[in-house]
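Engineer:
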Amino acid sequence: MSPYSYKEPVLTLEGVSMSYHGEVILRDIDAQVLDVVRPGMSQGQVVGFYGRSGIGKSVLCRIMAGLITPSQGTVRVGVEQQPVVPGTVGFVQQRYPLFDHRTLHDNLLVAAQRKHAPAAAREQVETYLERFCLTQHRKKYPAHLSGGQRQRAAIAQQLLCSDHLILLDEPFSGLDVAMIDELKKIIVEVTTMDELNTVIIISHDIQTTTALADRLWLLGYERDAAGQLSPGATIAKEHQYNLAEMGLAWHENVEAEPEFGQFVEHIKEEIRRS
Amino acid sequence: MKTLFTPNAQPPRATFLLMVAGQGLVLLLLWLFYPLRLFPSLGEVFRSLGDLVTTQGLIQELWASMTTALQALSVATMLALLISYLTALPFFRPIAYAASKMRYLTLTGLTFFMALMLSSGHQVKLSVLIFGATVYLVTGMTSVILTTTQEEMDHARTLGMSEWRSFLEVVVLGKLDEMLEVVRQNFAIIWTMITLVETLYQSEGGIGLLLYKQNRYLHLDGVLAIQLVILATGALQDYVFVLLRRVFFPYSVLTAAK
């Protein structure tokens, strides 16, 4: 196991609950993402939130992105642990939205201009176009981009204006094996760009998310003393997994390891039980 | 040939053009040889057209109507855009709702009130056209705005844009091409009203007035000739709008279903 240590928190969810019209969707969610430091390496972190379809993952996404305020609890982000507001957390939605009326270059520029002066913003855009292999497509409109190019563009756009945190909502949904591999590479690329870069994957794809993440949280329903399901999805203490501690993080081909397979089976069993 | 009758098929361009030419020819033959003489003959219509151009100033009248129509459309578009964009603020939503419903109002009584409020005939003519076009434009434009999705707005917000900036980026800039399409579709309403308003104030002339006179004296060949001129002008306008859309919003044709 490669040595590592934890430093300051970069994302904290404290007692987050959400109700709509009296129906509890999320209940008392506590989770904290810490900056993980590995000697001799500048690498951010990948964390995953699992949950079955319809459990409230997208609601949790929007809360973490600051797009909606939870009924109770707080979300704090960054090393200063400021309350989240829209724009501080990059949020790549399921269908990779871009501004269809702007070229790829302008899509990135409009994002970069939020944090940089015009000249510096253009420079940043060039860097990101290069880094995400999009330079030759700079003049294309989003409708002309392939699925993979669109993904990369949407992630680059959010990275250009967010403060190190980037949320991916169901990023593997509907992708073929080749595209999943490409996306995995992009995620690793993002984490190596800055020590504080943190990719939060919200997904129901257990296998792929586990292979990338170094921490995992499993969203599920708890049962009360009488065995009845309590309303609202939450993250039970036993459903918080530190994959680095378990020796399942940062391996090149972790999916081929038997321990990985056993862990995935365990997660599946937990999901079935909840 | 089979593709012409297959749902959602994409026939080759040559086949499609041939089909259009064939349909046009059938229509022409029907006109020429239909035993019941409902319409004046093609020759009569052409003769009347020549007469209208040389003796009654059809081109000048068309130009007069065209400038009035464009003037009305410009003002109506600005007004409709303003009313539609203001729906971002809940305070103004009832105004857009009311404006949209006013398309059910008949203009006949309305012109009287406008004549009381305005001093010149030209202003009344213009304001009737503006009113008629605005209510239709507001209906189309607000429905375009209503197609804005949560995902689109969230996308802008996650880039740190304020609510107004998100609105500008997603609704104003993002849907400008669709607004132009709404204007194109509703330009026709001005031409349908032009006869009514030009007969109200006859001093300025116009093709609508010419049509009214031809109809009044039962010059059916003249009526048909003017109708065909209006139809051709409308088709040309449509083409210009499509061209404008392609030039200024090249992305809009990329997402259109084929």
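Sequences listed follow chains Z and E, in order. By this note's numbering, the letter at position 112 of the first sequence is numbered 112, and the numbering carries on one by one without gaps. With the second sequence counted from 1, adding 1000 to any position gets you this note's numbering. We put the beta carbon where it would ideally sit given N, CA and C, even for glycine.
1. Under a Cβ-count criterion, where at least 16 other Cβ atoms within 10 Å of its own Cβ denotes burial, should Z:Ser-203 be classed as buried or exposed?
2. Fully enclosed by the stretch 77-147 of chain Z, which alpha helix (DSSP H) runs are 4 residues long or longer?
3. DSSP has Z:Pro-9 in a bridge; who is on the other side?
4. Does any residue of chain Z bring its CB to less than 7 angstroms from the CB of E:Leu-1180?
5. Kindly list, in the order they appear in chain Z, the residues whose Cβ is closer than 9 angstroms to that of E:Arg-1157.
6. Using the beta-carbon count (16 or more within 10 Å), is Z:Tyr-50 buried or exposed?
7. Applying the 10 Å Cβ sphere with the 16-neighbour rule, what's the burial state of Z:Asn-107?
8. Report all residues from its chain with a CB closer than 7 angstroms to the CB of E:Gly-1222; omit the five preceding and five following residues, and keep chain order.
9. If you draw a straight line from the alpha carbon of E:Leu-1168 to that of Z:Ser-173, how long is it in whole angstroms?
10. What whole-angstrom Cβ distance do Z:Gln-228 and Z:Val-264 have, given they're in contact under 8 angstroms?
11. With DSSP run on the structure shown, which of helix, strand or coil describes Z:Asp-205?
12. Sort E:Phe-1039, E:Phe-1131, E:Leu-1116, E:Gly-1121 by Cα distance to E:Tyr-1104 and report the nearest one.
13. For the stretch 133-146 of chain Z, list every residue whose C-beta sits within 9 angstroms of some C-beta in chain E, in sequence order.
14. Tell me the residue span of the beta strand (DSSP E) that contains Z:Val-46.
15. Show which residues of chain E have a CB atom less than 7 angstroms away from the CB atom of Z:Gln-158.
16. Going by other Cβ atoms of all chains shown within 10 Å of its Cβ, with 16 needed for buried, is E:Ile-1095 buried or exposed?
17. Return helix, strand or coil for E:Ser-1166, following the three-state DSSP convention.
18. Would DSSP call Z:Ala-225 helix, strand or coil?
19. Just the C-alpha distance for E:Val-1170 and E:Pro-1090, rounded to the nearest angstrom, thanks.
20. Any residues in the stretch 92-108 of chain Z with a beta carbon nearer than 9 angstroms to a beta carbon of chain E? Which ones, in chain order?
21. Quick one: list the residues of chain A neighbouring E:Leu-1173, beta-carbon separation under 7 angstroms, in chain order.
22. Tell me which residues of the stretch 1129-1154 of chain E have at least one Cβ-Cβ distance to chain Z shorter than 8 angstroms, keeping chain order.
23. Under three-state DSSP, which class holds Z:Thr-150?
24. Within 6 angstroms: the Cβ of Z:Arg-52 and any heavy atom of the ligand ATP?
25. Could you tell me whether the stretch 99-117 of chain Z touches the stretch 138-146 of chain Z, using the rule of 3 or more Cβ pairs below 8 angstroms?
26. Which residues of chain Z have a Cβ atom closer than 8 angstroms to the Cβ of E:Tyr-1085, listed in chain order?
27. Rounding to the nearest angstrom, what Cα-Cα distance links E:Leu-1018 and Z:Val-85 in this structure?
28. Can you name, in chain order, every residue of its own chain whose Cβ lies under 7 angstroms from the Cβ of Z:Asn-242, other than the five neighbours on each side?
29. Taking the straight line between their C-alpha atoms, what separation do you get for E:Met-1001 and E:Arg-1245?
Structural biologist: In brief:
1. Along the first sequence, read from residue 1 onward, the residue named residue 203 of chain Z stands at position 203. By the neighbour-count criterion, in which a residue is buried when 16 or more other Cβ atoms sit within 10 angstroms of its Cβ, Z:Ser-203 is buried.
2. Counting only runs of 4 or more, we get 104-112, 118-131.
3. In the first sequence, the residue the question calls residue 9 of chain Z occupies position 9. Beta-bridge analysis with DSSP links Z:Pro-9 to Z:Leu-34.
4. Locating residue 1180 of chain E in the second sequence gives position 180, counting from the first residue. Answer no: the Cβ-Cβ gap between E:Leu-1180 and chain Z never drops below 7 angstroms.
5. Indexing the second sequence from 1 puts residue 1157 of chain E at position 157. Near E:Arg-1157 (Cβ distances below 9 angstroms), the residues of chain Z are Ala-65, Gly-66, Leu-67, Pro-86, Gly-87, Phe-91.
6. Sequence index remark: in the first sequence, residue 50 of chain Z carries index 50 (1-based). Answer is buried; the Cβ neighbour count reaches 16.
7. Taking the first residue of the first sequence as 1, we reach residue 107 of chain Z at position 107. By the neighbour-count rule (16 or more Cβ atoms within 10 Å), Z:Asn-107 is buried.
8. Within the second sequence, residue 1222 of chain E is the residue found at index 222, counting from 1. Here the set comprises Ser-1048, Leu-1052, Gln-1214.
9. As a first step, residue 1168 of chain E must be located in the second sequence, where it is residue number 168. As a first step, residue 173 of chain Z must be located in the first sequence, where it is residue number 173. Rounded to whole angstroms, E:Leu-1168 to Z:Ser-173 spans 31 angstroms at the Cα level.
10. Here the question's residue 228 of chain Z lines up with position 228 in the first sequence. Here the question's residue 264 of chain Z lines up with position 264 in the first sequence. Not confirmed; about 29 angstroms, so no contact.
11. If you number the first sequence from 1, residue 205 of chain Z lands on position 205. Correct three-state label for Z:Asp-205: coil.
12. Residue 1104 of chain E sits at position 104 when you count from the first residue of the second sequence. Among E:Phe-1039, E:Phe-1131, E:Leu-1116, E:Gly-1121, the Cα nearest to that of E:Tyr-1104 belongs to E:Phe-1131.
13. Tyr-141, Pro-142, Ala-143, His-144
14. On the first sequence, position 46 is the one that residue 46 of chain Z refers to. Counting along the chain, the beta strand (DSSP E) containing Z:Val-46 begins and ends at 45-50.
15. Against the first sequence, residue 158 of chain Z aligns to sequence position 158. Thr-1158, listed in chain order.
16. Within the second sequence, the letter at position 95 stands for residue 1095 of chain E. Within a 10 Å sphere around the beta-carbon of E:Ile-1095 sit fewer than 16 other beta-carbons, which makes this residue exposed.
17. Translated into the one-based positions of the second sequence, residue 1166 of chain E becomes position 166. Here E:Ser-1166 sits in helix by DSSP.
18. Here residue 225 of chain Z is taken as the residue at index 225 of the first sequence, counted from 1. Three-state result, Z:Ala-225: coil.
19. As a working mapping, residue 1170 of chain E is identified with position 170 in the second sequence. As a working mapping, residue 1090 of chain E is identified with position 90 in the second sequence. Near 18 angstroms, if we compare the C-alpha coordinates of E:Pro-1090 and E:Val-1170.
20. Val-92, Gln-93, Gln-94, Arg-95, Pro-97, Leu-98, Phe-99, Asp-100, His-101, Arg-102, Thr-103
21. Although the question refers to chain A, the structure presented lacks it and instead comprises the protein chains Z and E.
22. Result list: Glu-1151, Glu-1152, Asp-1154.
23. What you label residue 150 of chain Z is simply residue 150 of the first sequence in a count that begins at 1. Before going further, note that residue 150 of chain Z is Arg rather than Thr in the sequence given. Note: Z:Arg-150 maps to helix in three-state DSSP.
24. This structure does not include the ligand ATP; it has no bound ligands of any sort.
25. yes
26. Against the second sequence, residue 1085 of chain E aligns to sequence position 85. Those do not exist, as E:Tyr-1085 stays about 16 angstroms from chain Z at its closest Cβ, beyond 8 angstroms.
27. Start at 1 with the first residue of the second sequence, and residue 1018 of chain E comes out as number 18. Start at 1 with the first residue of the first sequence, and residue 85 of chain Z comes out as number 85. Approximately 60 angstroms between the Cα atoms of the pair.
28. Translated into the one-based positions of the first sequence, residue 242 of chain Z becomes position 242. Arg-215, listed in sequence order.
29. If you number the second sequence from 1, residue 1001 of chain E lands on position 1. If you number the second sequence from 1, residue 1245 of chain E lands on position 245. The straight-line gap from Cα to Cα measures roughly 32 angstroms.
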